[in-house]
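*Asks:*
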Amino acid sequence: MKIYNYDSSDYYYLGSEEVPDRSGVPYAATDVGPPERGEWPDGKVPVFNKLNRRWVFKENDFWEVEVKELCFYSGRDSVEPVYIVGNRRNPAYHIDLMHFVNKLPGVNVPRIGRLPGFISLNQRIDYIDACIEQIEANFLTFREGGVMKTVGHGANHHHFLVESLVGAIRRFLDDLVVVAFLVEFKDYEPWKADFVVEGFSDLLDADKFKAKFRKSFHHVVEDDDELSVSLDQFVGKVLGKNREFLTAIRQLSNSYKHSVTSNIGRNLFGVDYPTVVVVGVLKPDRNFRHLTYHNHSLRQIIFGVRDYLEDLASRISQVDSATEVERLDSCANHRLHKYKWMLNSPYGV
């Protein structure tokens, strides 16, 4: 039997499907077909009149929502969990963690921190790997149980863990950029001035970053042209070719922090691998007509973070050109796939 679905609120035509005869006609559907597509007047769509059980044409001025779906792909896949450093149960994990952190920028701030005054980022990375470990274990429990817990006790546990992980990744990357800034401009003694950089998003707008720098260090800035070159070089060193990935991380984090729509995806889970699913209302379209739907594989996101860290470490350490080419080829495989579609809009429009 063929049925014709319509919107449950505005009754406009949504499309047709075949169902078993014994199932009957479900809610918000009819067995009465609408006029053929070629018979629709311009600017009008068929709307089902439930009282008379027939289709009538109305102006297509219905409320519509545009969805932009984002899916990050690193260029490679893994059927096993992916970590920043590795499995924390490995006896050598903390040694590997120390070696990994040593490739990243570190800074001594007078009278702040430890050993003495050293700001370390290894705790951030350790926490990220701990979050991944919990998410992967929770996902394995889901798969072994044969059913995803979308309701009841434990239904939200996966999303709690993922939200915590995304926040940890954003905070770590922000801290890393702050440390890189303190190292790059240590001659200006930046710890004595107002913060110029509080995270990587401050560098996505280079002009604002430069203006903020000049405001904080107006008493020491002399050669403006030379300074401008130095600031551009710093932005290039930190962002590299990873601007799109970092923008996606910022949007992903902001969707959790600032969007009332973030829990729309609470009942969505990956089948073959753990996913990061969240819906946001983001700038510049701060309204419900434009939603950003993040639909990522968790392992792809971690691959992206790991590649970025290796990319940054290579630029900072000025590795030889052969290694540089190999690294750039790896990062060049990153893709942020974007899809746009209308949510529950009239069929055929």
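Residue 321 in this note's numbering sits at position 308 of the sequence shown; the count goes up by one each step and never skips. Heads up, the beta-carbon is just placed ideally off N, CA and C, and yes, glycines get one too.
State the Cα-Cα distance for the pair Tyr-360 and Phe-70, rounded to the nearest angstrom.
*Replies:* Indexing the sequence shown from 1 puts residue 360 at position 347. Indexing the sequence shown from 1 puts residue 70 at position 57. One C-alpha to the other measures close to 13 Å.
*Asks:* Would you check if the region 269 to 285 and the region 169 to 188 touch, i.e. whether three or more CB-CB distances between them fall below 8 Å?
*Replies:* At 8 Å Cβ cutoff, the stretches touch.
*Asks:* Using only the alpha-carbon positions, how far apart do Glu-257 and Glu-82 sit?
*Replies:* Walking along the sequence shown from the start, residue 257 turns up at place 244. Walking along the sequence shown from the start, residue 82 turns up at place 69. Between Glu-257 and Glu-82, the C-alpha separation is close to 15 Å.
*Asks:* Of all the beta strand (DSSP E) runs that stay within the bounds of the region 24 to 67, which reach a length of 3 or more residues?
*Replies:* Qualifying beta strand (DSSP E) stretches, in chain order: 26 to 31, 57 to 62.
*Asks:* Roughly how many angstroms separate the alpha carbons of Pro-203 and Ser-358, rounded to a whole number?
*Replies:* Translated into the one-based positions of the sequence shown, residue 203 becomes position 190. Translated into the one-based positions of the sequence shown, residue 358 becomes position 345. Going from the Cα of Pro-203 to the Cα of Ser-358 covers about 53 Å.
*Asks:* Taking only three categories from DSSP, how would you classify Phe-155?
*Replies:* For this step, residue 155 is matched to residue 142 along the sequence shown. Reduced to three states, the DSSP call for Phe-155 is helix.
*Asks:* Suppose contacts are defined by Cβ-Cβ distances below 8 Å. Is Gln-147 in contact with Leu-174 by that definition?
*Replies:* Position 134 of the sequence shown holds residue 147. Position 161 of the sequence shown holds residue 174. Taking 8 Å as the Cβ cut-off, Gln-147 and Leu-174 qualify as a contacting pair.
*Asks:* Along the chain, where does the beta strand (DSSP E) containing His-303 start, and where does it finish?
*Replies:* Reading the sequence shown from its first residue, position 290 is the one you call residue 303. Per DSSP, His-303 belongs to the beta strand (DSSP E) from 303 to 310.
*Asks:* Would you report the Cα separation of Glu-197 and Leu-322, rounded to the nearest angstrom?
*Replies:* Translated into positions along the sequence shown, residue 197 becomes position 184. Translated into positions along the sequence shown, residue 322 becomes position 309. Using only the alpha carbons, I get a separation of about 17 Å.
*Asks:* My guess is that Ser-87 and His-347 are in contact by the Cβ rule of under 8 Å, so how many angstroms apart are they, rounded?
*Replies:* Locating residue 87 in the sequence shown gives position 74, counting from the first residue. Locating residue 347 in the sequence shown gives position 334, counting from the first residue. The pair is a contact, with the Cβ atoms about 6 Å apart (cut-off 8 Å).
*Asks:* Should Phe-213 and Leu-178 be called a contact, given that it needs their Cβ atoms to be closer than 8 Å?
*Replies:* Taking the first residue of the sequence shown as position 1, residue 213 is located at position 200. Taking the first residue of the sequence shown as position 1, residue 178 is located at position 165. Taking 8 Å as the Cβ cut-off, Phe-213 and Leu-178 do not qualify as a contacting pair.
*Asks:* Would you kindly report the start and end of the unbroken beta strand (DSSP E) that includes Arg-102?
*Replies:* Position 89 of the sequence shown, counted from the first residue, corresponds to residue 102. Note, Arg-102: premise wrong, no beta strand (DSSP E); not H, not E.
*Asks:* What residues match up with Thr-288 in a beta bridge as DSSP calls it?
*Replies:* The residue you call residue 288 lines up with position 275 of the sequence shown. Note: Thr-288 sits in a beta bridge opposite Ser-310.
*Asks:* Considering only C-alpha positions, which residue in the set Tyr-286, Ile-315, Thr-274 is nearest to Tyr-306?
*Replies:* Position 293 of the sequence shown holds residue 306. Among Tyr-286, Ile-315, Thr-274, the Cα nearest to that of Tyr-306 belongs to Thr-274.
*Asks:* Counting only the same chain and skipping the five closest in sequence on each side, list residues whose C-beta sits under 7 Å from that of Val-338.
*Replies:* One-based indexing of the sequence shown puts residue 338 at position 325. Note that Val-338 scores 48 on pLDDT, short of 50, meaning its location in the model is unreliable and no value can be drawn from it.
*Asks:* Looking only at its chain, what residues have a beta carbon closer than 6 Å to the beta carbon of Tyr-352, apart from the 5 residues adjacent to it on each side?
*Replies:* As a working mapping, residue 352 is identified with position 339 in the sequence shown. Only Glu-82 meet the Cβ criterion.
*Asks:* Could you please give the first and the last residue of the uninterrupted alpha helix (DSSP H) stretch that includes His-271?
*Replies:* For the purposes of this step, residue 271 is taken as the residue at position 258 of the sequence shown. From DSSP, the alpha helix (DSSP H) with His-271 extends over 256 to 271.
*Asks:* Evaluate Ala-193 with the Cβ neighbour count: other Cβ atoms within 10 Å of its Cβ, from every protein chain shown; 16 or more gives buried, anything less gives exposed.
*Replies:* Counted from its first residue, the sequence shown places residue 193 at position 180. With 16 or more Cβ atoms within 10 Å of its Cβ, Ala-193 is classed as buried.
*Asks:* Helix, strand or coil for Lys-116? Go by DSSP, reduced to three states.
*Replies:* Translated into the one-based positions of the sequence shown, residue 116 becomes position 103. Reduced to three states, the DSSP call for Lys-116 is coil.
*Asks:* Inspect the beta-carbon positions of Tyr-24 and Lys-63 and report whether they are closer than 8 Å.
*Replies:* Mapped onto the sequence shown, residue 24 falls at position 11. Mapped onto the sequence shown, residue 63 falls at position 50. For Tyr-24 and Lys-63, yes; Cβs fall inside 8 Å.
*Asks:* Starting from His-171, trace the alpha helix (DSSP H) both ways and give me its first and last residue.
*Replies:* Indexing the sequence shown from 1 puts residue 171 at position 158. 170 to 197 is the extent of the alpha helix (DSSP H) around His-171.
*Asks:* Under a three-way DSSP split, which group does Leu-134 fall into?
*Replies:* In the sequence shown, counting from the first residue as 1, residue 134 sits at position 121. Note: Leu-134 maps to coil in three-state DSSP.
*Asks:* For the putative contact between Glu-77 and Met-355, defined by C-beta atoms under 8 Å, what is the C-beta separation to the nearest angstrom?
*Replies:* Your numbering for residue 77 matches position 64 in the sequence shown. Your numbering for residue 355 matches position 342 in the sequence shown. Glu-77 to Met-355, Cβ: 6 Å. Contact.
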